[in-house]
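Counting along the first sequence from 1, when you hit position 78 you're at 78 in full-length UniProt numbering, and nothing is skipped either side.
From the three backbone atoms N, C-alpha and C, an ideal C-beta is built for every residue, glycine too.
Just so we're clear, the structure is a prediction, and the values are computed from it rather than from any experiment.
Since the structure comes first, as structure tokens, the remarks are kept for the end.
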Amino acid sequence: MPELPEVETIVRDLRKKIINQRIADVLIFLPRAVQGDPDIFVRILKGNRFSDISRRGKLLIFSLAKGADKLLIHLKMTGQLVYCHQGRLIAGGHSQADFDRHLPNRHTRAGFVFADHARLYFNDLRTFGYLRLASGQELARELDKKFGPEPLSRQFNAIYLARAAKDRKISIKGLLLDQKIVAGIGNIYADEALHAAGIFPGRAAGRVNARQMEKLVAASKRILRQAIKYRGTTFNNYVDADGQRGHFYQHLKVYNRADQPCLACGHLLRKTRIAGRGTAYCPACQH
DNA sequence: CTTCTTGTTACTGA
DNA sequence: ATCAGTAACAAGAA
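What follows is the structure, given as structure tokens:
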């Protein structure tokens, strides 16, 4: 379940490893993981170099040294990008106890071989993730259309969120999960932010008051920053570019803690379904 | 066998 | 046109 902190961790790691390395070979193990013509995909990437790596919401964006195209990678729920030196093929993270720690394994969908023999593998158990080439213009149009502000930017503030929520009956959690409203928050961090702000996730967005909006925005930013610091949350599948787990899991206060005591008030946390997602909350401190 | 898991999009009906 | 709710997608785990 890579959300913003997990994707940000991967971006930062990969920047140190593969920038300006010549791409000697492109491996496609599952053709449908690559959107568009696989031959064109290979032709554009082979011999090229990644000149920069960035992220918008949960979407990874690889700029290329040659040509105007960008490589876009979305990890969806179970995608991993794991970098390996030659002879170091270890990747942990899948819940099945230590199965296939060698790469590529049966969940490896694509890969890049660099001139120094290092490799970057795209693994994806459930095959919802994808790799895609897009022109700069195509990408700009898509980002404009489908992505709201970054949650850690100044544009994401209480006034903005209150305006987006005005007169809307959708749950406040549903609003946070809508990537067009704010890009990068997923199920884990939505639950955590709402708990920290003391807001019931099912409350109609339009009925969250200004003071609560302030708390919610501040909590979202604080929690996302903290999660980046701990290199993300590994619940079952996520690993960073070195195949290592994230350590924010032990800082989660509500996600996956249903029936355990609220760390703020001691009341037992509950689990329900809101915005079509499993939702953990404290019935005593969230209203 | 059924139910649950999640990011995103398509679809449905209001 | 906009909004909100839900199914679908895949490959498992329990």
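Under the DSSP assignment, phenylalanine 147 falls outside any beta strand (DSSP E); it carries neither an H nor an E label. In this structure, DSSP gives aspartate 191 a helical state, which the three-state scheme calls helix. Under DSSP, lysine 271 forms a beta bridge with Ala280. In this structure, arginine 126 places its C-beta atom within 7 Å of the C-beta atom of threonine 78. One Cα belongs to asparagine 123, the other to tyrosine 189, and the distance between them is close to 23 Å.
Pairing phenylalanine 41 with glycine 198, the inter-Cα distance amounts to about 47 Å.
Each residue's CA atom was taken as its position, placing phenylalanine 29 and alanine 205 some 43 Å apart.
Secondary structure note for aspartate 13: its alpha helix (DSSP H) is the uninterrupted segment 4-18. Taking a C-beta distance under 7 Å as the contact criterion, leucine 177 and proline 5 do not qualify as a contact pair.
The alpha-carbon of isoleucine 23 is positioned some 50 Å away from that of alanine 210.
If you ignore the 5 residues before and after isoleucine 274, its C-beta comes within less than 7 Å of the C-beta of Ser171, Lys173, Pro201 and Gly202, all in its own chain and listed in chain order.
Here DSSP, grouped into helix, strand and coil, assigns histidine 251 to helix. For isoleucine 53, the closest of Leu45, His85 and Ile18 by C-alpha to C-alpha distance is Ile18. In the DSSP assignment, proline 261 is bridged to Leu268.
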